[in-house]
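*Asks:* I have a structure I would like to understand better, so I am pasting it below and will then ask my questions one at a time.
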Amino acid sequence: LGYNEQLIGKFPEEKALYEQRSPLSHLDQLSTPVAFFHGEDDPVVPLTQSMQLYEALKMKGIPTSLTVFPGEAHGFKGSFANEVTMSGFYYFFCRMLGIKPSVESQIQIENLSKSQEKSR
61 LGYNEQLIGK
71 FPEEKALYEQ
81 RSPLSHLDQL
91 STPVAFFHGE
101 DDPVVPLTQS
111 MQLYEALKMK
121 GIPTSLTVFP
131 GEAHGFKGSF
141 ANEVTMSGFY
151 YFFCRMLGIK
161 PSVESQIQIE
171 NLSKSQEKSR
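The sequence shown lines up with residues 61 to 180 when you count with the numbering used here.
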């Protein structure tokens, strides 16, 4: 069995359970800033899921960021992806908390508030 089948069940037999557990089924409850770091070749979580959640957060005016790594899967192997992700998470959290980050990051954050903008 694959990873998802072990956690949830076989697809499409358990399609309703997959949909119930998907964050995409609960967009109305999204209110927390989220930074997405996703491998383009992820076989576990389709990139489209992160893209849809990212777009939903943008539409709701919630701070969000999406960074996609070409050639990476689920659980990054390359040092570049790991470095960008670690510094990006730190940068994102600092910005959300209004703290001036001690690192630079190439991630782009959408929907920053005025106070978060000042923490650059």
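Even for Gly, the Cβ is constructed at its ideal location relative to N, Cα and C.
Which runs of the beta strand (DSSP E) spanning at least 3 residues fall entirely within the stretch 115-150, listed in chain order?
*Replies:* Within the stretch 115-150, the complete beta strand (DSSP E) runs of at least 3 residues are 124-129.
*Asks:* From this set, K160, Q168, Q89, L90, which residue's C-alpha is nearest S125's C-alpha?
*Replies:* Indexing the sequence shown from 1 puts residue 125 at position 65. When only C-alpha atoms are compared, the closest one is Q168.
*Asks:* DSSP three-state call for F97: helix, strand or coil?
*Replies:* What you label residue 97 is simply residue 37 of the sequence shown in a count that begins at 1. Of the three classes helix, strand and coil, the one that applies to F97 here is strand, per DSSP.
*Asks:* Hey, is the stretch 133-150 in contact with the stretch 112-122, meaning 3+ C-beta pairs nearer than 8 Å?
*Replies:* No: the two stretches stay apart, fewer than three of their Cβ pairs being nearer than 8 Å.
*Asks:* To which residues of the same chain is N171 closer than 7 Å at the C-beta, ignoring the five residues directly before and after it?
*Replies:* Taking the sequence shown and counting its residues from 1, one reaches residue 171 at position 111. Here the set comprises K118, G121, I122, P123, T124.
*Asks:* According to DSSP, is E65 helix, strand or coil?
*Replies:* The count along the sequence shown starts at 1 and reaches residue 65 at position 5. Three-state result, E65: helix.
*Asks:* DSSP three-state label for E177, please.
*Replies:* As a first step, residue 177 is located in the sequence shown; it is residue number 117 there, counting from the start. Here E177 sits in helix by DSSP.
*Asks:* Do you know whose CA, among A95, K137, F71, E143, lies nearest V163's CA?
*Replies:* The residue labelled residue 163 in the question sits at position 103 within the sequence shown. Of the listed residues, the one whose Cα sits closest to V163 is E143.
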